[in-house]
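Residue numbers (this note's numbering): 3 to 333.
C-beta atoms are modelled at their ideal positions from N, C-alpha and C, and glycine is treated no differently.
See below for the structure under consideration.
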């Protein structure tokens, strides 16, 4: 015959079961709050939208104001490009803000080209759903901007997308985090700046000043024009070719038909920035003179070969597609 439980033991058993169920329910609510409704989950959702190029969804979730500028990196392929180099994105544990129970910060860590970076987001509790689950939203903010400037061009490329310049400048709003690559290339000039990381919501624009450099094509054309100039100088059968750096002085009589100049070593042009424009550093040419001289006292003829170096300068005028070199003086 089975032993019947007393009413007291039955009540105690039910009470224990209810406590266990309450503990399990509380743990389940806490787990759902953390994984589905907590502030960390909002940061994860934001990152997913950014990597997918879903700019409208990301902007709505972030509750951010978009500053004036070129929005080429705020949606679609441009947004994907700005997020492509963000690797190993990990969201940390939310931290309550001291003195503000409804505010929390979440720090995300990630790497950009192998360098560890981090971004901190601020969120606020905005209520509850179904009495138990907390609702969190990003504290409204303003997207940061990147101010890009360049000379010798009216358009740059930002993350493989064209961006027109107005008076040499453009402003590009971006989500956080973002990686910005900027460049431009014309036949005569180029500039490149890659891997700029935007990791915070700073109100001050991040500046990118593209440093313009001459292209190899420009240098080749400058050297070509200098070579042609010196070759024309060498064709003149006089001791001091007109408009040229070479010259030779002697007290002897010279047979004019014996004068022959040749270039031994052509200068290699170096283009430098100067006073907001471009200039050539002073140039030096090594030339050889073959000449027959007659001694005025003895009448004797002597064939001479003279090597010497001569300095000169030249003015450079260059646009994005054209170039002109004008030699202006000699030493």
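Spatial distance of residue 227 from residue 221 (CA atoms): Cα-Cα distance, rounded: 10 Å.
C-alpha distance - residue 304 paired with residue 192, whole-angstrom precision: Taking the straight line joining both Cα atoms gives about 54 Å.
Give me, in chain order, the residues of the same chain whose beta-carbon lies closer than 7 Å to that of residue 29; leave out the 5 immediate sequence neighbours on both sides. Annotation note: pLDDT 43 at residue 29 (below 50); position unreliable, coordinate value reported separately. Its chain contains no residue whose beta carbon lies nearer than 7 Å to that of residue 29 once the 5 sequence neighbours on both sides are disregarded.
Where does the unbroken alpha helix (DSSP H) through residue 80 begin, and where does it stop? First-last of the alpha helix (DSSP H) with residue 80: 78-85.
DSSP-derived helix/strand/coil call for residue 218: For residue 218, the secondary structure class from DSSP, reduced to helix, strand or coil, is helix.
Determine the direct distance from the alpha carbon of residue 67 to that of residue 321, and round the result to whole angstroms. C-alpha separation (whole angstroms): 40 Å.
Since residue 146 and residue 108 are thought to touch, with beta carbons under 8 Å apart, how far apart are those beta carbons, to the nearest angstrom? So it is not a contact: roughly 18 Å between Cβ atoms.
For residue 49, report the span of its alpha helix (DSSP H) as first-last. First-last of the alpha helix (DSSP H) with residue 49: 41-53.
How close, in whole Å, do the beta carbons of residue 71 and residue 173 come, if the pair is a contact with beta carbons under 8 Å? Contact holds; Cβ gap of about 4 Å.
Leaving out five residues before and five after residue 41 in sequence, what residues of the same chain have Cβ atoms less than 7 Å from its Cβ? Taken in chain order, the residues that qualify are 96, 106, 108, 125, 138.
Beta carbon of residue 315, beta carbon of residue 330: below 7 Å? For residue 315 and residue 330, yes; Cβs fall inside 7 Å.
Shortest alpha-carbon distance to residue 210 belongs to which of 85, 218, 183, 231? Taking only the C-alpha atoms, the option nearest residue 210 is 183.
If residue 45 and residue 93 are in contact, beta carbons under 8 Å, what's the gap, nearest whole angstrom? Cβ atoms of residue 45 and residue 93 come within 8 Å of each other, at about 5 Å.
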